[in-house]
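The numbering used here puts the sequence shown at residues 51 to 200.
Just so you know, even glycine gets a beta-carbon here, dropped at the ideal spot from N, CA and C.
Note that the structure is a prediction, hence the values are computed from the model and not measured.
Read through the structure below, which is laid out as structure tokens, and then see the notes.
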Amino acid sequence: MIVWRLVKAGEHALDGAGTLRFGGRYCSPGHRIVHFASEAGLAVLVQQRYLAEPAETCETPFDLGWTEIAAMPERLPDGLDRAATIAFVDAWAGAARSLLLAVRSAVLPEADVILMNADHPAAGTVPPLTVRPFRFAQCLHRPPMLGRYS
């Protein structure tokens, strides 16, 4: 399965250090979870939500990366509230019963957030990201021909 991640330039580690320390949308602190997207566009949309400035003026350099993981994800049941989602993901991570867990995206429900348990024995087999530079300001600026259609 090919998964995508948009990260600040150079921050390619797949170690889950951020969620270990701070937790995340889907887990409590103490779990090494790496967040991927099932689609490149979802990776961009998710990161855009966390920008401190408008995307069209954001000059922060990012890298859009992908890797291929030879595993199929378990699926988080639909309809869980936030507390139940966190409890499910925490239990999944603690049991290390699978490398990947698919969560339907709240941003784009047709796609999935793919969680990887960096403490799972198979995590060490995941190849590093293949990346290319990405800048929000270069691809999400207002097109010059927009005035023609208004």
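Same chain, Cβ closer than 8 Å to residue i, neighbours up to 5 away in sequence not counted
i	result
Pro171	Ala146
Gly74	Gly68, Ile83 and His85
Nearest-angstrom beta carbon gap, residue j and residue i [assumed within contact, 8 Å]
i	j	result
Ala90	Trp54	5 Å
Ala87	Ile136	Contact doesn't hold; Cβ gap of about 20 Å is too wide.
Leu47	Ala152	The question about residue 47 has no answer, for the chain in this structure spans 51 to 200.
Three-way DSSP call (helix, strand, coil) for residue i in this model
i	result
Leu165	strand
Glu103	coil
Ile136	helix
C-alpha gap between residue i and residue j, whole angstroms
i	j	result
Thr180	Gly115	5 Å
Arg198	Gly60	39 Å
Beta-ladder partner(s) of residue i, from DSSP
i	result
Glu89	In the DSSP output, where bridge partners are listed per residue, Glu89 has none listed.
Asp113	Val57 and Pro183
Leu64	None, per the DSSP bridge assignment.
Val153	Val163
Arg125	Ala152
Ile83	Asn167
Residues near residue i in its chain [Cβ-Cβ closer than 6 Å; skip 5 each side]
i	result
Leu150	Ala121, Pro123, Ile164 and Met166
Gln98	Ala105
Pro177	Thr117
Own chain partners of residue i with C-beta closer than 7 Å, once the 5 adjacent residues on each side are dropped
i	result
Ala187	Glu106, Thr107, Cys108 and Glu109
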